[in-house]
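Engineer: Got a structure for you, written out below as structure tokens; questions coming shortly.
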Amino acid sequence: MDALRRRNPFKYSSEPSESHSDTHILDEQEQSELIDNIKGMNAASNSQNRIALQITLALSFLLHVIYIFSDYSSPLYSVFPPAGRPESPLYLSPLLALFAIILHANAALVTHPRDFVLAERRITPLPSSVAFGLSAIAPTISVLSGKTWQTTAWWCTTAFLTWVVHASNKWIVQEQESISELERMKYISAGA
Numbered sequence: 001m002d003a004l005r006r007r008n009p010f011k012y013s014s015e016p017s018e019s020h021s022d023t024h025i026l027d028e029q030e031q032s033e034l035i036d037n038i039k040g041m042n043a044a045s046n047s048q049n050r051i052a053l054q055i056t057l058a059l060s061f062l063l064h065v066i067y068i069f070s071d072y073s074s075p076l077y078s079v080f081p082p083a084g085r086p087e088s089p090l091y092l093s094p095l096l097a098l099f100a101i102i103l104h105a106n107a108a109l110v111t112h113p114r115d116f117v118l119a120e121r122r123i124t125p126l127p128s129s130v131a132f133g134l135s136a137i138a139p140t141i142s143v144l145s146g147k148t149w150q151t152t153a154w155w156c157t158t159a160f161l162t163w164v165v166h167a168s169n170k171w172i173v174q175e176q177e178s179i180s181e182l183e184r185m186k187y188i189s190a191g192a
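The C-terminal residue of the sequence shown carries number 192 in the UniProt record's numbering, and the numbering is unbroken.
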């Protein structure tokens, strides 16, 4: 009798099943609702992430502007004072700070969801590889000059924020591609 096939009666989808409790096939309307819900959650998440990035960039931008009008000592000295006597500022500090401000503006362009137009010209951000390279100039000069870790960490903030903005933008693009892929996977169950 074991060699014979056992008859499994048809079960309605409303009846609980031990082996198929997780498999619920969505119809077209349920698929559309689910994708719309995912799109809405993704849009809200992207908006919150962009706002957080823009606030962080604005605060760092403001700190760099204040740095230009100060004595050019690292702002980290007020939190972590150096062990010895204060050192001289980094060579070309005002120019490097202005450069950091420009890179902050570039990062702000990346976080902006729409194109920025100025005088009927579309302003596009620098490619991420160029922005990374340019943001590494000041920390490299600081390390090669033998400055304290507070000074080097201060000059690394622009490079760090450039990386954070690039990574966040990459994640946003990947999420949008995933949703597009999910929409392409929708099936029509007519006649099934």
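Every residue, glycine too, gets a C-beta built ideally from N, C-alpha and C. In this text the structure is predicted, and so the values were computed from the model without any measurement.
Spatial neighbours of Lys-147 within its chain, please: CB distance less than 8 Å, with the 5 preceding and 5 following residues excluded, ordered by chain position.
Structural biologist: Counting only Cβ-Cβ distances below 8 Å, and skipping sequence neighbours, we find Glu-87, Leu-90.
Engineer: Would you grab the beta carbon distance between Thr-152 and Ser-60 for me? Rounded to a whole angstrom, and I think it's under 8 Å.
Structural biologist: Thr-152 to Ser-60, Cβ: 16 Å. No contact.
Engineer: Compute the Euclidean distance between the alpha carbons of Gly-84 and Gln-174, then round it to the nearest angstrom.
Structural biologist: Straight-line Cα distance between these residues: approximately 48 Å.
Engineer: When we look at the beta-carbon of His-104 and count the other beta-carbons within 10 Å, is it buried (16 or more) or exposed?
Structural biologist: The residue is buried, with at least 16 neighbouring Cβ atoms inside 10 Å.
Engineer: Would you give the residue range spanned by the beta strand (DSSP E) that Arg-184 belongs to?
Structural biologist: Note, Arg-184: premise wrong, no beta strand (DSSP E); alpha helix (DSSP H) at 149-184.
Engineer: Less than 9 Å between the C-beta atoms of Ala-159 and Ser-135, yes or no?
Structural biologist: A contact, by the Cβ cut-off of 9 Å.
Engineer: Below 8 Å on the Cβ atoms is my guess for Ser-78 versus Trp-154; work out the distance and round it to an integer in Å.
Structural biologist: Not a contact, Cβ separation roughly 11 Å.
Engineer: Along the chain, where does the beta strand (DSSP E) that runs through Ile-123 open and close?
Structural biologist: Here the beta strand (DSSP E) through Ile-123 covers 121-123.
Engineer: Would you call Ala-58 buried or exposed, if buried means 16 or more other Cβ atoms sit within 10 Å of its Cβ?
Structural biologist: It is exposed - the Cβ of Ala-58 has fewer than 16 other Cβ atoms within 10 Å.
Engineer: Just to confirm the assignment: which complete alpha helix (DSSP H) runs, minimum length 4, are found wholly within the segment 10-97?
Structural biologist: As far as the segment 10-97 is concerned, its whole alpha helix (DSSP H) runs of at least 4 residues are 28-68.
Engineer: In the DSSP output, what is Val-117 paired with across the bridge?
Structural biologist: DSSP lists Arg-122 as partners of Val-117.
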